[in-house]
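Chemist:
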Amino acid sequence: MISKIPGLIDIHTHGGRGITFGENLSTLEGDLRQYSAWAPANGVTGFVASIAAPDAPKLLALVEAYADILEKGLPGAECLGLHLEGPYLSPEKRGAFNASWLRNPFLDEAEALIRAGRGWIRQVTMAPELEGAGEAARCFRRAGIVVALGHTNANYDQASGALAGDFGHTTHTFNAMSGFDHRSPGAVGAVLNSKSATAEVIADGIHVHPGALKLLFRCLGPDRLALITDAMAGAGMPDGMYELVGAPVMVKNGRAFRPEDGKLAGSAATLNQCVANMITLAGATFSEAVRMASATPARILGLDSRLGSLEAGKDGSYAIVDSDLQVYRTVVKGRIVFESPTAQGRLS
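Residues 75 to 422, numbered by our numbering, are exactly what the sequence shown covers, in order.
#1: For E413, I'd like the list of residues in its chain whose CB is within less than 6 Å of its CB, leaving aside the five on either flank, ordered along the chain.
#2: For V118, which of Y392, T416 and R420 has the nearest alpha-carbon?
#3: Taking the continuous beta strand (DSSP E) assigned at L33, which residues delimit it?
#4: Determine the direct distance from the alpha carbon of A135 to that of A238, and round the result to whole angstroms.
#5: Quick check: what's the CA-CA separation for G357 versus K288?
#6: Report the residue ranges of all beta strand (DSSP E) runs contained in full by the region 354 to 405; include only those spanning at least 3 residues, in chain order.
#7: Among A173, A115 and R373, which has the Cα closest to the Cα of P415?
#8: Within a Cβ cutoff of 7 Å, which residues of the same chain sit near A130, ignoring the five residues on either side of it in sequence?
#9: I'd like the span of the alpha helix (DSSP H) that includes E334, first residue to last.
#10: By a C-beta neighbour count over all protein chains shown, 10 Å radius and 16 as the cutoff for buried, is N98 buried or exposed?
#11: Excluding sequence positions up to five away, which residues of its chain have a Cβ less than 6 Å from the Cβ of R91?
#12: How would you label G253, buried or exposed, when you count the other beta carbons within 10 angstroms and need 16 or more for buried?
#13: What distance in whole Å lies between the Cβ atoms of V364 and P128, which are believed to be in contact at a cut-off of 8 Å?
#14: Straight-line CA distance for P259 to I83?
#15: Measuring straight from C-alpha to C-alpha, what distance separates L154 and A173?
#16: Thinking just about the alpha-carbon of each residue, which of S361, E209 and D398 is nearest to the one in L384?
#17: Please state the DSSP three-state secondary structure of R189.
#18: Using only the alpha-carbon positions, how far apart do E205 and Q197 sit?
#19: Can A261 and A305 be called in contact, C-beta distance under 8 Å?
#20: Out of V122, D335, V406 and H256, point me to the one whose CA is closest to R230's CA.
#21: Determine the direct distance from the alpha carbon of G328 to that of H88, and round the result to whole angstroms.
#22: Just list the residues that DSSP pairs R409 with in beta bridges.
#23: How do the region 324 to 339 and the region 273 to 284 stand: do at least 3 beta-carbon pairs fall below 8 Å, yes or no?
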């Protein structure tokens, strides 16, 4: 079965096809253009670049440089903005991040980042239990930026309070956060019990067990759950050694991990694969799975007036796929930016 679907939107990716966002200031534009040209092969018409830096001056310089580039546009998939994953993360739940890159948030830096971003910062991930997190979260949210709970060791009450306040979203649910226990439900329990917060999940079949995927999907539904890749440079590349947030990462058999301890470090997934996995692993229908990678992320970003669905007056960004989410053609704003060699035989 061949279907026309809204263009997929990855709101959390660190790169792919050998590219790491923010790795080198001198190559930012070229790297972004290469990624933009590659992503449509996976049905992606829009993405948010997840970035981090080792200190405040470098992060500010990175945000300013990206703001200049993003105002020019890209050749393929649109870069819809930036996601600051860090530096305001819990040291206990830092995942692949270098501990020296982390620090508590403070208001002056938040305001400086907002000015530097000129509207291009879409999301900031923070651990709400950190000193200064509440004030920074209010500042970011008032600027129209999605504040996401993530990389957090918050207890259930702390996480619940955050999600009922300025933290309206959750970064890669289950991963790098305090887990669920029947006597200590943690951040995961707060997400599952939230009535309004949206959440991400990495549906690569590696980061989250199918049973947990089903539970999250059942609790939040397709209109509050967004599929992401959290991909790093090794996505779309052969097995080998790559880098993520200042640390080496090995990719082997589709799994991205730190070689020193085997802990997961981003993913090597593509978004169309994650959509397909939600159907086979979590029991979502085709339309529900697609919605979690198109309409829902568009609404989280506040861009659903022009993206995320096939409606008159919207941007005309879509993909032609089969029932297994193999991509035959991808169109961004009415322009074909990817066509599979087999497309003519299947689409004629």
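Beta carbons: idealized from backbone N, C-alpha and C, even for Gly.
Modeler: Concretely, from the data shown:
#1: R403
#2: Y392
#3: This structure cannot settle anything about residue 33, because the visible part of the chain is limited to 75 through 422.
#4: 33 Å
#5: In a straight line, the C-alpha of G357 is about 7 Å away from that of K288.
#6: 392 to 396
#7: A115
#8: E183
#9: Looking at the DSSP string, E334 is not in any alpha helix (DSSP H), and its letter there is neither H nor E.
#10: exposed
#11: W112 and G310
#12: exposed
#13: Incorrect: roughly 38 Å between the Cβ atoms, too far for contact.
#14: 31 Å
#15: 29 Å
#16: S361
#17: helix
#18: 20 Å
#19: no
#20: Arg is not the amino acid found at residue 230; the sequence shown has Tyr there. Checking every option, the nearest Cα to that of Y230 belongs to H256.
#21: 16 Å
#22: By DSSP's assignment, R409 forms a beta bridge with V406.
#23: yes
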